[in-house]
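S.K.: Per my numbering, residue 582 is the first one in the sequence shown, and the count goes up by one each step.
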Amino acid sequence: MSDFWPAVYALIPSIGVGILFYFAMRAIIRADRNERLAMAELDAQAEQAEIAARTAGDSSPTSA
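Encoded structure:
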């Protein structure tokens with residue numbers, strides 16, 4: 582039993598680094614997901630604006 586606590590103390594730094602790695606990767610993945618959602622929203626708005634401009638140009642009376 583005297584070998585138990587030194588082994589636990591030896592594992593604590595590895596567990597701490599593992600926890601830090603988990604939170605860092607989680608933050609990176611969440612940031613990427615949020616950026617992809619923002620880019621998709623921006624693309625959708627640009628597409629809507631392009632469609633609106635195209636329909637506005639088609640419906641305008643032409644003088645011939």
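Here a beta-carbon is modelled for each residue, glycine too, at the ideal position from N, C-alpha and C.
Within the same chain, show all residues whose beta-carbon is closer than 7 Å to that of GLY638, passing over the 5 residues directly before and after it, in chain order.
M.R.: Along the sequence shown, one-based indexing puts residue 638 at 57. Around GLY638: no qualifying Cβ.
S.K.: How many Å lie between GLN626 and ILE610 at the Cα?
M.R.: One-based indexing of the sequence shown puts residue 626 at position 45. One-based indexing of the sequence shown puts residue 610 at position 29. For GLN626 and ILE610, the distance between alpha carbons rounds to 24 Å.
S.K.: Which value, in whole angstroms, describes the spacing of the CA atoms of THR636 and ASP624?
M.R.: The count along the sequence shown starts at 1 and reaches residue 636 at position 55. The count along the sequence shown starts at 1 and reaches residue 624 at position 43. C-alpha separation (whole angstroms): 18 Å.
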